[in-house]
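A.B. asks: Order-wise, the sequence lines are chains A and B.
122 is the number of the first residue of the first sequence in my numbering; add one for each residue after it.
122 is the number of the first residue of the second sequence in my numbering; add one for each residue after it.
Have a look at this one before I ask anything.
There are 2 protein chains.
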Amino acid sequence: MTTTTSRAIRLGPALRPTEKVLPEHARAHNRSLVLAHLFHSGPTSRADIARSTGLTRVTVSDLVAELIGENLVAELGVRAGGGRVGKPATLVGMQTEAFHIVAVDLTDDAALTGAVMTLASDVVARRTAALDGRTGDEAVAVLEGLCRDLLAAATQPVIGIGIGSPGVIDADGVVLEAPNRGWFGVPLAARLQAALGVPVHVANDANVQALGEYTYGGAGGSLMVVTIGQGVGAGIVLDGALVRGRHDAAGEIGHVTVVDERDVLLGEPAPLPCVCGRAGCLETVLSVPALRRRVAGLSPEDSDAQLASVGRKLGLALAPVVSALNLAEVVLSGPRELVGGALREAALSTVRSRTMPVIGRDLEMRTASIGEDRALSGAAVLVLSGQLGVT
Amino acid sequence: MTTTTSRAIRLGPALRPTEKVLPEHARAHNRSLVLAHLFHSGPTSRADIARSTGLTRVTVSDLVAELIGENLVAELGVRAGGGRVGKPATLVGMQTEAFHIVAVDLTDDAALTGAVMTLASDVVARRTAALDGRTGDEAVAVLEGLCRDLLAAATQPVIGIGIGSPGVIDADGVVLEAPNRGWFGVPLAARLQAALGVPVHVANDANVQALGEYTYGGAGGSLMVVTIGQGVGAGIVLDGALVRGRHDAAGEIGHVTVVDERDVLLGEPAPLPCVCGRAGCLETVLSVPALRRRVAGLSPEDSDAQLASVGRKLGLALAPVVSALNLAEVVLSGPRELVGGALREAALSTVRSRTMPVIGRDLEMRTASIGEDRALSGAAVLVLSGQLGVT
DNA sequence: TTTGTTAGTAGAGCGTCCTTACAAATTCGT
DNA sequence: ACGAATTTGTAAGGACGCTCTACTAACAAA
Numbered sequence: 122m123t124t125t126t127s128r129a130i131r132l133g134p135a136l137r138p139t140e141k142v143l144p145e146h147a148r149a150h151n152r153s154l155v156l157a158h159l160f161h162s163g164p165t166s167r168a169d170i171a172r173s174t175g176l177t178r179v180t181v182s183d184l185v186a187e188l189i190g191e192n193l194v195a196e197l198g199v200r201a202g203g204g205r206v207g208k209p210a211t212l213v214g215m216q217t218e219a220f221h222i223v224a225v226d227l228t229d230d231a232a233l234t235g236a237v238m239t240l241a242s243d244v245v246a247r248r249t250a251a252l253d254g255r256t257g258d259e260a261v262a263v264l265e266g267l268c269r270d271l272l273a274a275a276t277q278p279v280i281g282i283g284i285g286s287p288g289v290i291d292a293d294g295v296v297l298e299a300p301n302r303g304w305f306g307v308p309l310a311a312r313l314q315a316a317l318g319v320p321v322h323v324a325n326d327a328n329v330q331a332l333g334e335y336t337y338g339g340a341g342g343s344l345m346v347v348t349i350g351q352g353v354g355a356g357i358v359l360d361g362a363l364v365r366g367r368h369d370a371a372g373e374i375g376h377v378t379v380v381d382e383r384d385v386l387l388g389e390p391a392p393l394p395c396v397c398g399r400a401g402c403l404e405t406v407l408s409v410p411a412l413r414r415r416v417a418g419l420s421p422e423d424s425d426a427q428l429a430s431v432g433r434k435l436g437l438a439l440a441p442v443v444s445a446l447n448l449a450e451v452v453l454s455g456p457r458e459l460v461g462g463a464l465r466e467a468a469l470s471t472v473r474s475r476t477m478p479v480i481g482r483d484l485e486m487r488t489a490s491i492g493e494d495r496a497l498s499g500a501a502v503l504v505l506s507g508q509l510g511v512t
Numbered sequence: 122m123t124t125t126t127s128r129a130i131r132l133g134p135a136l137r138p139t140e141k142v143l144p145e146h147a148r149a150h151n152r153s154l155v156l157a158h159l160f161h162s163g164p165t166s167r168a169d170i171a172r173s174t175g176l177t178r179v180t181v182s183d184l185v186a187e188l189i190g191e192n193l194v195a196e197l198g199v200r201a202g203g204g205r206v207g208k209p210a211t212l213v214g215m216q217t218e219a220f221h222i223v224a225v226d227l228t229d230d231a232a233l234t235g236a237v238m239t240l241a242s243d244v245v246a247r248r249t250a251a252l253d254g255r256t257g258d259e260a261v262a263v264l265e266g267l268c269r270d271l272l273a274a275a276t277q278p279v280i281g282i283g284i285g286s287p288g289v290i291d292a293d294g295v296v297l298e299a300p301n302r303g304w305f306g307v308p309l310a311a312r313l314q315a316a317l318g319v320p321v322h323v324a325n326d327a328n329v330q331a332l333g334e335y336t337y338g339g340a341g342g343s344l345m346v347v348t349i350g351q352g353v354g355a356g357i358v359l360d361g362a363l364v365r366g367r368h369d370a371a372g373e374i375g376h377v378t379v380v381d382e383r384d385v386l387l388g389e390p391a392p393l394p395c396v397c398g399r400a401g402c403l404e405t406v407l408s409v410p411a412l413r414r415r416v417a418g419l420s421p422e423d424s425d426a427q428l429a430s431v432g433r434k435l436g437l438a439l440a441p442v443v444s445a446l447n448l449a450e451v452v453l454s455g456p457r458e459l460v461g462g463a464l465r466e467a468a469l470s471t472v473r474s475r476t477m478p479v480i481g482r483d484l485e486m487r488t489a490s491i492g493e494d495r496a497l498s499g500a501a502v503l504v505l506s507g508q509l510g511v512t
């Protein structure tokens with residue numbers, strides 16, 4: 122493995138709003154602006170970048186030269202297709218193949234999955250590691266081993282490692298609590314970074330997915346991802362920024378009560394006990410195990426009716442959130458055969474019927490199947506964002 | 122290298138995260154940092170500011186000199202109370218009396234209320250203007266007249282006008298829709314600014330109150346204000362930033378359904394028709410008129426029971442929002458005799474019983490009575506934030 | 001060939017902050 | 001009492017970043 126780069130890449134505007142801003146921060150910001158433009162718009166000319174960012178051509182040339190010097194950007198020859206007056210533009214584009222990112226998804230209780238990806242989130246190699254019930258420091262060791270595997274599998278310099286993990290995780294990558302992994306107050310990012318010598322970024326798995334959807338999903342800057350797996354979680358991006366919440370516990374929507382005694386009085390199923398110690402939580406009806414139990418052995422019609430019933434519960438919980446935040450989009454992330462059909466439709470129509478037309482009308486609700494590379498792409502975005510400032 | 126996730130740089134007023142950053146923006150940001158420190162911490166020395174902001178003493182001296190030149194800051198003599206080694210510090214403090222802010226609250230359907238305030242939000246003069254049912258351009262004219270009155274009443278230079286208005290309002294102060302005032306797509310801020318020659322900032326009244334609570338309420342950076350008046354609205358501040366939502370309609374929580382047919386089946390009151398055309402909205406039970414009707418002529422005990430019943434409805438709607446955002450604080454803004462007692466307690470206990478302990482335990486729910494100067498203070502914060510970058 | 005337009009670069013200039021150095025004023029140690 | 005240490009605030013010089021102006025290069029249209 123070569124070193125990541127000769128110079129430490131640290132463009133990410135990792136600045137708290139109450140921190141001072143120096144000229145070099147401004148430059149880093151503008152550099153990220155240029156890179157983000159190339160990332161999203163593909164190869165363009167320096168002049169195009171200047172028009173798009175508002176910077177002068179001179180400054181853009183300077184920034185692009187810097188980026189070329191670090192091999193993040195390359196000249197791609199002269200733009201074809203004449204017909205335009207003036208000197209033809211020299212195209213410059215991001216070198217998405219010149220660096221690699223290591224992305225790891227810890228969502229699954231049984232096995233850690235990871236991949237080596239290009240800067241465009243194309244998978245170059247995959248590795249997995251079985252947890253075999255290990256928790257605490259042993260689980261960290263398994264994770265570190267997987268990361269070493271992946272680093273060894275990378276054929277280009279690795280700019281960083283992105284990890285999506287269940288649990289409550291703060292902005293510095295400290296896992297405050299992840300009961301399923303036995304992690305409480307584990308400075309995961311710092312430990313792995315010290316051990317591996319590569320920048321490491323860790324965030325909640327649902328938050329990571331929300332970042333991925335924000336970057337690759339195409340919708341506006343206000344979205345919520347509901348992850349439906351062993352448990353139920355959520356990640357929220359508002360105005361382009363991840364919501365963290367007071368104690369970094371934003372998105373913990375799995376344990377909102379959606380079934381109570383009133384349901385019993387109306388002849389519906391009673392609230393089920395939840396791992397959190399209470400009963401009737403969203404997770405007791407919406408988690409994948411709960412859904413599978415509910416539809417096991419039923420005919421398609423009955424199954425759909427059951428899924429729709431769960432969808433209505435979800436809609437009940439989502440309606441106030443969608444209203445209060447004026448969300449543009451809710452993404453359901455889970456097995457498509459469970460969440461893609463009647464469940465999604467019932468949830469959407471419930472939200473629409475329980476909110477103002479102006480709120481519900483424009484709301485999109487779509488599915489993103491877990492198990493594909495959405496989670497890994499999100500982890501890659503974590504690195505892109507943290508190391509290069511690209512979102 | 123630390124591993125924080127990306128966070129948008131906020132360089133003072135009117136800078137979107139995707140815009141270029143020039144050295145002068147950096148300076149404006151640092152200037153605001155100095156001013157904000159003086160605003161929140163009171164008079165201190167230049168060296169203290171340097172330690173607190175991370176800037177050097179040299180730079181702080183320069184910035185302070187600039188602020189003194191604009192009369193926003195003044196030297197206040199040498200710090201008393203010895204006991205500390207070294208040269209005694211010269212205190213500098215914000216000149217809160219040297220400028221005035223005009224704040225206007227349009228929440229009330231009958232009359233506009235406004236005040237001239239110092240930079241510390243102390244009221245210097247008050248004025249009101251009756252609407253007498255006027256809407257549209259005539260209502261704008263009444264508002265403009267009130268602003269002129271207030272400008273004339275100011276005895277110091279006015280740095281700006283802050284207006285909190287019902288309705289959906291975008292970041293540029295365009296009232297997209299305010300049915301009660303008959304405003305649809307009215308560029309209120311721009312029109313008043315052109316007519317009055319003073320910077321004008323307009324925002325939704327609930328959002329304005331949320332800003333005020335964020336600045337003066339003392340709690341953390343994640344709070345929600347629920348305004349309970351003619352209608353029901355909400356404003357949300359997350360990580361120190363106002364949530365706007367996809368179409369600037371964030372906070373429109375008044376028209377979430379909280380009463381439906383199920384309640385009828387359980388022998389509870391049927392959903393009431395709502396002005397929005399649907400039925401059972403939160404506003405149909407929580408608005409001040411609805412509350413007054415509900416408790417009219419009842420004994421204190423019966424009244425409390427009714428208020429608690431409404432509080433539970435509110436709690437039902439708030440629980441998912443509090444969970445999803447990990448809010449630190451919910452502020453109920455309305456007549457204290459209605460929302461301060463049983464209603465608040467029922468809402469809080471409902472939220473607690475329907476969310477994870479870690480979410481509900483630390484949640485604060487308090488009241489802020491409308492009709493006092495909270496709304497006006499919020500409008501003043503709008504100006505402080507917009508003109509001076511102080512929040 | 002001339003004119004006009006667009007792309008990209010060079011040099012000078014201005015703004016911003018930092019580092020280093022220094023003067024002033026006070027307390028502490030002996 | 002008196003120097004040493006400490007703290008505050010300022011001044012000079014330098015590094016960095018962006019812009020403005022001016023220039024060359026390359027093309028289309030007249």
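Beta carbons are placed, not taken as given, at the ideal position from N, Cα and C, and that holds for glycine.
In chain order, what residues of the segment 139–151 of chain B put their CB closer than 8 Å to some CB of chain A?
C.D. replies: For the segment 139–151 of chain B, which is checked against every Cβ of chain A, the residues closer than 8 Å are T139, E140, K141, V142, L143, P144, H146, A147, H150 and N151.
A.B. asks: When burial is assigned at 16 or more other CB atoms within 10 Å of the CB, is A/R205 buried or exposed?
C.D. replies: As a working mapping, residue 205 of chain A is identified with position 84 in the first sequence. Looking at its Cβ environment, which holds fewer than 16 other Cβ atoms inside 10 Å, A/R205 is exposed.
A.B. asks: DSSP on B/I349, reduced to helix/strand/coil?
C.D. replies: Here residue 349 of chain B refers to the residue found at position 228 when the second sequence is read from its first residue. The answer is strand: DSSP assigns B/I349 an E or B state.
A.B. asks: By how many angstroms is the C-alpha of B/A355 removed from the C-alpha of B/E466?
C.D. replies: Translated into positions along the second sequence, residue 466 of chain B becomes position 345. Translated into positions along the second sequence, residue 355 of chain B becomes position 234. If you take the alpha carbons of B/E466 and B/A355, they lie about 19 Å apart.
A.B. asks: For the segment 425–438 of chain A, which residues have a beta carbon sitting closer than 9 Å to at least one beta carbon of chain B?
C.D. replies: Within the segment 425–438 of chain A, the residues whose Cβ lies closer than 9 Å to some Cβ of chain B are L437 and A438, listed in chain order.
A.B. asks: Take the Cβ of B/V179 as the centre, count every other Cβ of all protein chains shown within 10 Å, and call the residue buried at 16 or more, exposed below.
C.D. replies: Taking the second sequence and counting its residues from 1, one reaches residue 179 of chain B at position 58. Counting Cβ neighbours within 10 Å, B/V179 comes out exposed, since fewer than 16 surround it.
A.B. asks: Where does B/P164 sit, in a helix, a strand or coil, going by DSSP?
C.D. replies: Position 43 of the second sequence, counting from 1, holds the residue named residue 164 of chain B. If DSSP states are grouped into helix, strand and coil, B/P164 belongs with coil.
A.B. asks: I need the boundaries of the alpha helix (DSSP H) containing B/T405, first residue and last residue.
C.D. replies: In the second sequence, residue 405 of chain B corresponds to position 284, counting from 1. It spans E404 to L407 - the alpha helix (DSSP H) in which B/T405 sits, taken as one unbroken run.
A.B. asks: Which bits of chain B does A/T174 rub up against, with CB to CB less than 7 Å?
C.D. replies: Counting from 1 along the first sequence, the entry for residue 174 of chain A is found at position 53. Those within 7 Å of A/T174 in chain B are K141.
A.B. asks: Report the residue ranges of all beta strand (DSSP E) runs contained in full by the segment 199–257 of chain A; include only those spanning at least 3 residues, in chain order.
C.D. replies: Counting only runs of 3 or more, we get 211–215, 221–226, 232–239 and 244–251.
A.B. asks: Going by alpha carbons, who is nearest to A/S444 out of A/M477, A/R148 and A/A426?
C.D. replies: Position 323 of the first sequence, counted from the first residue, corresponds to residue 444 of chain A. Selected option, being the one with the closest Cα: A/M477.
A.B. asks: Once you ignore the five residues that flank A/G342 on each side, which residues in its own chain have a CB closer than 6 Å to its CB?
C.D. replies: Here residue 342 of chain A refers to the residue found at position 221 of the first sequence. Counting only Cβ-Cβ distances below 6 Å, and skipping sequence neighbours, we find D360 and G361.
A.B. asks: Checking contacts by CB at 8 Å: is B/V386 closer than that to chain A?
C.D. replies: Translated into positions along the second sequence, residue 386 of chain B becomes position 265. Note that residue 386 of chain B corresponds to Leu in the displayed sequence, not to Val. Taking Cβ atoms only, chain A reaches closer than 8 Å to B/L386, which makes this a yes.
A.B. asks: When the Cβ atoms of the segment 268–288 of chain B are set against those of the segment 222–232 of chain B, are three or more pairs found closer than 8 Å?
C.D. replies: Yes, the segment 268–288 of chain B touches the segment 222–232 of chain B.
A.B. asks: Specify the secondary structure class of A/V289 as computed by DSSP and reduced to three states.
C.D. replies: As a working mapping, residue 289 of chain A is identified with position 168 in the first sequence. DSSP places A/V289 in strand when its eight states are reduced to three.
A.B. asks: Using a Cβ-Cβ cut-off of less than 8 Å, give me the residues of the segment 249–278 of chain A that come near chain B, in sequence order.
C.D. replies: Cβ contacts with chain B: none found.
A.B. asks: Along the chain, where does the alpha helix (DSSP H) containing B/E458 start, and where does it finish?
C.D. replies: Residue mapping note: residue 458 of chain B aligns to position 337 of the second sequence, counting from 1. Element bounds for B/E458: R457 to V460.
A.B. asks: Would B/T125 count as contacting chain A if we go by Cβ distances under 8 Å?
C.D. replies: One-based indexing of the second sequence puts residue 125 of chain B at position 4. Legend: pLDDT at B/T125 = 23, less than 50; position of this residue unreliable, no value from coordinates given.
A.B. asks: Check the Cβ-Cβ distances between B/I130 and every residue of chain A, and say whether any is below 8 Å.
C.D. replies: Position 9 of the second sequence, counting from 1, holds the residue named residue 130 of chain B. Because the pLDDT at B/I130 is just 28, under 50, the model does not fix this residue reliably, and the value given afterwards should be weighed accordingly. So, interface residue.
A.B. asks: Answer with yes or no whether the minimum CB distance from B/N447 to chain A is below 8 Å.
C.D. replies: Taking the second sequence and counting its residues from 1, one reaches residue 447 of chain B at position 326. It does: the Cβ of B/N447 has a partner Cβ on chain A nearer than 8 Å.
A.B. asks: So, at 7 Å on beta carbons, what are the nonlocal neighbours of A/G499 in its own chain, with the 5 sequence-adjacent residues on each side left out?
C.D. replies: Here residue 499 of chain A refers to the residue found at position 378 when the first sequence is read from its first residue. Taken in chain order, the residues that qualify are G285, V329, Q330, L332 and G333.
A.B. asks: Would you mind working out which of B/P456, B/T378, B/Q314 and B/A292 sits nearest B/H368, comparing C-alpha positions?
C.D. replies: Mapped onto the second sequence, residue 368 of chain B falls at position 247. Of the candidates B/P456, B/T378, B/Q314 and B/A292, the one whose C-alpha sits nearest the C-alpha of B/H368 is B/A292.
A.B. asks: Following the continuous alpha helix (DSSP H) through A/T488, name the residue where it begins and the one where it ends.
C.D. replies: Mapped onto the first sequence, residue 488 of chain A falls at position 367. It is not in any alpha helix (DSSP H) - A/T488 instead sits in the beta strand (DSSP E) that spans E485 to A489.
A.B. asks: Could you work out which residue in B/V319, B/D258, B/D229 and B/F220 is closest to B/R269 when comparing CA atoms only?
C.D. replies: Residue numbering aside, residue 269 of chain B sits at position 148 when the second sequence is read from its first letter. Looking at the Cα atoms, B/V319 is the closest of the given residues.
A.B. asks: In the structure shown, what three-state DSSP assignment does B/V319 receive?
C.D. replies: Translated into positions along the second sequence, residue 319 of chain B becomes position 198. Coil.
A.B. asks: Determine, using beta carbons only, whether B/V329 comes closer than 8 Å to chain A.
C.D. replies: For the purposes of this step, residue 329 of chain B is taken as residue 208 along the second sequence, with counting starting at 1. Not one chain A Cβ lies under 8 Å of B/V329.
A.B. asks: So is the beta-carbon of A/E373 under 7 Å away from any non-hydrogen atom of the ligand ADP?
C.D. replies: As presented, the structure is devoid of all ligands, the ligand ADP included, so that no description of it is given.
A.B. asks: Rounded to whole angstroms, how far is the Cβ of A/V431 from the Cβ of A/L386, which I believe are closer than 8 Å?
C.D. replies: One-based indexing of the first sequence puts residue 431 of chain A at position 310. One-based indexing of the first sequence puts residue 386 of chain A at position 265. That belief does not hold up - the Cβ atoms of A/V431 and A/L386 are roughly 20 Å apart, past 8 Å.
A.B. asks: Going by beta-carbon coordinates alone, are A/V185 and A/V199 separated by less than 8 Å?
C.D. replies: Position 64 of the first sequence, counted from the first residue, corresponds to residue 185 of chain A. Position 78 of the first sequence, counted from the first residue, corresponds to residue 199 of chain A. For A/V185 and A/V199, no; Cβs fall outside 8 Å.
A.B. asks: Rounded to the nearest angstrom, what separates B/G461 and A/L252 at their Cα positions?
C.D. replies: The count along the second sequence starts at 1 and reaches residue 461 of chain B at position 340. The count along the first sequence starts at 1 and reaches residue 252 of chain A at position 131. If you take the alpha carbons of B/G461 and A/L252, they lie about 52 Å apart.
A.B. asks: Is B/H158 buried or exposed, if buried means 16 or more other CB atoms sit within 10 Å of its CB?
C.D. replies: Counting from 1 along the second sequence, the entry for residue 158 of chain B is found at position 37. Buried, because 16 or more other Cβ atoms sit within 10 Å of the Cβ of B/H158.
A.B. asks: Which of the three DSSP states, helix, strand or coil, is assigned to B/A370?
C.D. replies: Here residue 370 of chain B is taken as the residue at index 249 of the second sequence, counted from 1. B/A370: coil per DSSP, three-state reduction.
A.B. asks: Could you give the DSSP three-state label for B/R131: helix, strand or coil?
C.D. replies: Along the second sequence, one-based indexing puts residue 131 of chain B at 10. Below a pLDDT of 50, predicted positions are generally treated as unreliable, and B/R131, at 30, falls in that range; the measurement from the model is reported next regardless. Residue state, collapsed to three classes: coil.
A.B. asks: On the criterion of 16 or more Cβ atoms from any shown chain inside 10 Å, does B/D169 qualify as buried, or is it exposed?
C.D. replies: Here residue 169 of chain B is taken as the residue at index 48 of the second sequence, counted from 1. The residue is buried, with at least 16 neighbouring Cβ atoms inside 10 Å.
A.B. asks: Output the boundary residues of the beta strand (DSSP E) element that contains B/A391.
C.D. replies: In the second sequence, counting from the first residue as 1, residue 391 of chain B sits at position 270. Per DSSP, B/A391 belongs to no beta strand (DSSP E) and is neither H nor E.
A.B. asks: Using a Cβ cut-off of 9 Å, pull out every chain B residue sitting near A/G163, in sequence order please.
C.D. replies: For this step, residue 163 of chain A is matched to residue 42 along the first sequence. Under the 9 Å cutoff, chain B gives no residues; its nearest Cβ is about 17 Å from A/G163.
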